[in-house]
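Undergrad:
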Amino acid sequence: MIKGCFINNTWVETEKKLAVRSPWSGETVGEVSLAGEPEWEAALAAAQKAAMVLKGFSSLERKEMLAALAAGVKARQKEMAQIIVAESGKPITYARGEMGRGVLTLSLAAEEAARIGGEVIPLDLTAASRGRWGLTRRFPLGPVLGISPFNFPFNLVAHKVGPALAAGNPIIVKPASATPLTALKLAEIYEQAGLPPGGLQVLPSSSQVAERYVADDRFKALSFTGSAAVGWHLKAIAGRKKVILELGGNAAGIVDAGADLQLAATRAATGAFYQAGQVCIAVKRLLVHQDIYEEFKEIFLRVLKEKVVAGDPKLMETVVGPIIDQEAAAKVRQRLEEALKGGATLVTGGLGEGNRIPPTVLENVSRDMAVWREEVFGPVVVLSPFADFAQALEMANDTAYGLQAGVFTRNLAHAWQAFETLEVGGVIINDSPAFRVDNMPYGGVKNSGFGREGLRYAIEELTELRLLALQV
């Protein structure tokens with residue numbers, strides 16, 4: 006069955022098609038129509054009309070719209086989890102978890118739609134302004150372009166759709182070419198719920214076609230999740246529109262002296278390798294105090310052997326599935342080969358075959374190696390000792406990225422020092438940097454992004470603040 010583009014609550018087939026293949030089996034699991042310029046123009050025209058409708062919606066109407074969408078997804082979340090497994094290779098346990106999170110994301114967006122407010126500001130700060138007060142209110146921007154990645158094909162779409170609709174903005178979603186089926190299923194649910202035409206549209210498309218519309222001033226905001234190279238390029242051509250970028254990471258996990266080693270090893274192992282390390286906040290560099298280094302390594306490797314299972318993503322016990330495609334796997338393998346040739350030690354794992362790479366741990370990695378400095382989007386973690394906590398923080402900051410960091414410690418002063426010193430968007434205490442709850446502010450600094458997601462924070466990004474000054 007071919008899925009068309011979802012435009013103005015109708016399904017539009019095009020001549021150009023894209024086969025969607027399972028990263029695990031290589032089988033074709035679906036086929037979609039690719040949008041060209043005519044489809045983008047039709048969708049933009051519909052979005053502009055929808056913007057006029059949605060901006061007139063009350064808080065209750067926006068809340069009810071998102072609540073209906075969340076309820077529709079919840080009723081079909083098991084089916085959608087199977088789609089995620091099929092098109093992305095994500096293990097079923099994590100696919101179900103993603104769907105649960107996505108329902109929560111949309112539900113929280115519905116609640117936030119009823120809480121978009123402002124403030125009262127005294128303006129009587131001079132004799133001439135006596136009796137004046139200011140009121141602020143947030144207004145929708147207009148059509149939003151959301152470009153989503155393959156690794157969370159539902160929840161990261163929900164993080165664009167939910168805040169946009171909550172704020173009263175229509176949104177056009179361009180899903181990742183590897184994983185368009187989940188986003189199209191969301192569009193199907195939107196249509197079946199009888200929600201406003203043009204409010205949500207989904208256009209599978211080539212990057213080249215989509216890029217032309219990033220520069221189009223009819224879009225008032227761009228929300229992009231993906232690689233740093235692409236994200237910063239899109240920002241450069243986006244013109245005057247608002248831009249939110251959620252980009253790559255090179256997350257450090259710090260294990261302090263005196264930390265709970267079993268907890269640290271268990272959470273770090275999962276945080277490094279779940280869904281084959283294809284997560285921008287996965288642990289990539291694990292920094293361990295030298296006094297506990299060998300003990301921690303022993304526990305970590307035992308946890309890895311006992312609990313981090315690689316294999317068929319349809320099986321409940323699987324933690325590590327395939328890399329999304331051969332090209333992505335080749336990039337991971339290249340970084341591993343460079344590190345090993347440069348003197349790094351292979352503790353466990355290896356190069357693998359095809360797009361399947363086992364959980365891999367490296368030691369003796371120098372800080373000028375790409376595997377230390379850059380994001381390796383696969384199941385690879387670097388294990389490295391540090392002498393004191395200040396050095397650990399300096400090592401963690403020694404990268405161009407700054408999304409999240411995890412710190413395992415029982416020392417409150419060290420936790421606060423990490424919060425003040427680490428150059429990241431979020432510091433996670435006694436868990437891996439892969440921790441995320443969907444209402445928290447989420448985003449990076451340095452090369453990791455621009456702006457914040459997290460419902461209320463994304464709504465602020467997707468609205469403009471207006472002041473009313475009154476004489477009373």
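Convert by adding 5 to the 1-based position in the sequence shown; the result is the number in the working numbering. Where a beta carbon is used, it is the ideal one built from N, C-alpha and C, also for glycine.
1. Can you give me the Cβ contacts of Ala266 inside the same chain, cut-off strictly under 6 Å, excluding the 5 residues immediately before and after it?
2. Suppose contacts are defined by Cβ-Cβ distances below 9 Å. Is Leu5 in contact with Phe382 by that definition?
3. How many angstroms separate the CA atom of Pro175 from the CA atom of Val207?
4. Look at the alpha carbon of His238 and the alpha carbon of Gly244, and state the distance between them as a whole number of angstroms.
5. Pick out whichever of Pro168, Leu161, Ile194, Gly173 has its Cα sitting closest to the Cα of Lys179.
6. Please name the residue or residues paired with Ser228 in a DSSP beta bridge.
7. With distance defined between alpha-carbon atoms, name the residue in Ala163, Leu467, Ser210 nearest to Ser182.
8. DSSP state of Thr33, grouped into three classes?
9. Since Gln409 is in the alpha helix (DSSP H), which residue starts that stretch and which ends it?
10. Taking 8 Å as the cut-off, does the region 105 to 114 touch the region 41 to 59 (at least 3 CB pairs, one atom from each stretch)?
11. Residues in the same chain with beta-carbon distance under 6 Å from Lys21, minus the five sequence neighbours each way, listed in chain order, please.
12. Per DSSP, what are the beta-bridge partners of Cys10 in this structure?
13. Look at Pro28 and Gly355 and say whether their C-beta atoms are less than 9 Å apart.
14. Going residue by residue through the region 173 to 202, where are the continuous alpha helix (DSSP H) segments of at least 4 residues, counting only ones entirely within it?
15. Start and end of the beta strand (DSSP E) containing Arg26?
16. Taking buried to mean at least 16 other C-beta atoms within 10 Å of its own C-beta, is Glu97 buried or exposed?
17. Could you name the residues of the same chain whose beta carbon sits closer than 8 Å to that of Gly348, not counting the 5 residues immediately before and after it, in chain order?
18. Quick one: measure Cβ to Cβ for Val387 and Arg290, integer angstroms, because I've assumed they're closer than 8 Å.
19. Counting only runs of 3+ residues fully inside the region 107 to 138, write out the beta strand (DSSP E) ranges in chain order.
20. Would Arg471 and Phe144 qualify as a contact pair, given that the criterion is a beta-carbon distance under 9 Å?
21. Going by the beta-carbon positions, is the gap between Ala264 and Ile297 smaller than 9 Å?
22. Can you tell me which of the three DSSP states Leu320 falls into?
23. Is the CB-CB distance between Arg292 and Ala401 below 9 Å?
24. With DSSP as the reference, label Val78 as helix, strand or coil.
25. Got a sec, what are the start and stop residues for the beta strand (DSSP E) Leu146 sits in?
26. Pick helix, strand or coil for Gly282, following the three-state DSSP scheme.
27. When you compare the region 79 to 88 with the region 185 to 200, are there three or more beta-carbon pairs, one atom per stretch, that lie closer than 8 Å?
28. Closer than 6 Å by C-beta to Lys8: which residues in its own chain qualify, once you throw out the five before and the five after it? Chain order, please.
29. When burial is assigned at 16 or more other CB atoms within 10 Å of the CB, is Pro127 buried or exposed?
30. Which of the three DSSP states, helix, strand or coil, is assigned to Val370?
31. Output needed for Thr184: all residues of its chain with C-beta closer than 6 Å, excluding positions within five of it in sequence on either side, in chain order.
32. State the Cα-Cα distance for the pair Ala24 and Pro390, rounded to the nearest angstrom.
33. Over what stretch of residues does the beta strand (DSSP E) that includes Ile259 continue unbroken?
34. Give me the DSSP bridge partner(s) of His294.
35. So within the region 312 to 364, which uninterrupted beta strand (DSSP E) runs reach at least 3 residues, ignoring any that extend past its ends?
36. Comparing C-alpha positions only, which one of Thr33, His294, Gln280 sits nearest to Thr414?
TA: With the given structure in hand:
1. Along the sequence shown, one-based indexing puts residue 266 at 261. Contrary to the premise, residue 266 reads as Leu rather than Ala in this sequence. The beta carbon of Leu266 sits closer than 6 Å to the beta carbons of Phe301, Ile304 from its chain, once the five residues preceding and following it are set aside; these are given in chain order.
2. What the structure shows of the chain is the stretch from 6 to 477, and residue 5 is not part of that stretch, so it cannot be assessed.
3. Position 170 of the sequence shown holds residue 175. Position 202 of the sequence shown holds residue 207. Answer to the nearest angstrom: the Cα atoms are 11 Å apart.
4. As a first step, residue 238 must be located in the sequence shown, where it is residue number 233. As a first step, residue 244 must be located in the sequence shown, where it is residue number 239. About 11 Å.
5. Within the sequence shown, residue 179 is the residue found at index 174, counting from 1. When only C-alpha atoms are compared, the closest one is Leu161.
6. Reading the sequence shown from its first residue, position 223 is the one you call residue 228. Bridge partners of Ser228: Gly151, Ile249.
7. As a first step, residue 182 must be located in the sequence shown, where it is residue number 177. If we check each option's Cα against that of Ser182, Ser210 comes out closest.
8. Within the sequence shown, numbered from 1, the residue matching residue 33 stands at position 28. Three-state result, Thr33: strand.
9. If you number the sequence shown from 1, residue 409 lands on position 404. Looking at the DSSP string, Gln409 is not in any alpha helix (DSSP H); the run it does join, the beta strand (DSSP E), is 409 to 413.
10. With the cut-off at 8 Å, the region 41 to 59 and the region 105 to 114 do not touch.
11. Working through the sequence shown from its first residue, we reach residue 21 at position 16. Cβ within range, chain order: Leu39.
12. Locating residue 10 in the sequence shown gives position 5, counting from the first residue. Here Cys10 is bridged, per DSSP, to Val17.
13. Start at 1 with the first residue of the sequence shown, and residue 28 comes out as number 23. Start at 1 with the first residue of the sequence shown, and residue 355 comes out as number 350. In this structure, Gly355 does not lie closer than 9 Å to Pro28 by Cβ.
14. Secondary structure remark: continuous alpha helix (DSSP H) runs of at least 4 residues inside the region 173 to 202, in chain order: 186 to 197.
15. If you number the sequence shown from 1, residue 26 lands on position 21. Following the DSSP letters along the chain, one finds Arg26 inside the beta strand (DSSP E) bounded by residues 22 to 26.
16. Along the sequence shown, read from residue 1 onward, the residue named residue 97 stands at position 92. For the record, residue 97 in the displayed sequence is Ile; it is not Glu. With 16 or more Cβ atoms within 10 Å of its Cβ, Ile97 is classed as buried.
17. Here residue 348 refers to the residue found at position 343 of the sequence shown. So the qualifying residues of the chain are Asn369, Ser371.
18. Residue numbering aside, residue 387 sits at position 382 when the sequence shown is read from its first letter. Residue numbering aside, residue 290 sits at position 285 when the sequence shown is read from its first letter. Sure, about 5 Å apart at Cβ, within 8 Å.
19. For the region 107 to 138, whole beta strand (DSSP E) runs of length 3 or above, ordered along the chain, are 125 to 127.
20. Numbered from 1 along the sequence shown, position 466 holds the residue referred to as residue 471. Numbered from 1 along the sequence shown, position 139 holds the residue referred to as residue 144. Yes, these two residues count as a Cβ contact at 9 Å.
21. The residue you call residue 264 lines up with position 259 of the sequence shown. The residue you call residue 297 lines up with position 292 of the sequence shown. Yes.
22. One-based indexing of the sequence shown puts residue 320 at position 315. Coil at Leu320, not helix or strand.
23. Against the sequence shown, residue 292 aligns to sequence position 287. Against the sequence shown, residue 401 aligns to sequence position 396. A small correction: the amino acid at residue 292 is Leu; Arg does not occupy that position in the sequence shown. Yes, they are a contact pair.
24. In the sequence shown, counting from the first residue as 1, residue 78 sits at position 73. Here Val78 carries a helix assignment [DSSP, helix/strand/coil].
25. By one-based count along the sequence shown, residue 146 stands at place 141. Taken as a continuous stretch (DSSP letters only), Leu146 belongs to no beta strand (DSSP E), as it is neither H nor E.
26. In the sequence shown, counting from the first residue as 1, residue 282 sits at position 277. Helix, per DSSP.
27. These segments touch.
28. Here residue 8 corresponds to residue number 3 of the sequence shown, with the count starting at 1. Cβ neighbours of Lys8 beyond the five flanking positions: Val37, Leu189.
29. Walking along the sequence shown from the start, residue 127 turns up at place 122. Taking all protein chains shown into account, Pro127 has fewer than 16 neighbouring C-beta atoms within 10 Å of its C-beta and is therefore exposed.
30. Numbered from 1 along the sequence shown, position 365 holds the residue referred to as residue 370. Coil, per DSSP.
31. If you number the sequence shown from 1, residue 184 lands on position 179. Excluding residues within five positions, the ones whose Cβ falls inside 6 Å are Glu92, Ser93, Phe155, Pro158.
32. Here residue 24 corresponds to residue number 19 of the sequence shown, with the count starting at 1. Here residue 390 corresponds to residue number 385 of the sequence shown, with the count starting at 1. Their backbone Cα atoms lie some 46 Å apart in a straight line.
33. Indexing the sequence shown from 1 puts residue 259 at position 254. Element bounds for Ile259: 256 to 260.
34. Mapped onto the sequence shown, residue 294 falls at position 289. Assignment of beta-bridge partners to His294 by DSSP yields Phe391.
35. Segments of the beta strand (DSSP E) lying fully in the region 312 to 364: 323 to 325, 350 to 353.
36. Looking up residue 414 in the sequence shown gives position 409. When only C-alpha atoms are compared, the closest one is His294.
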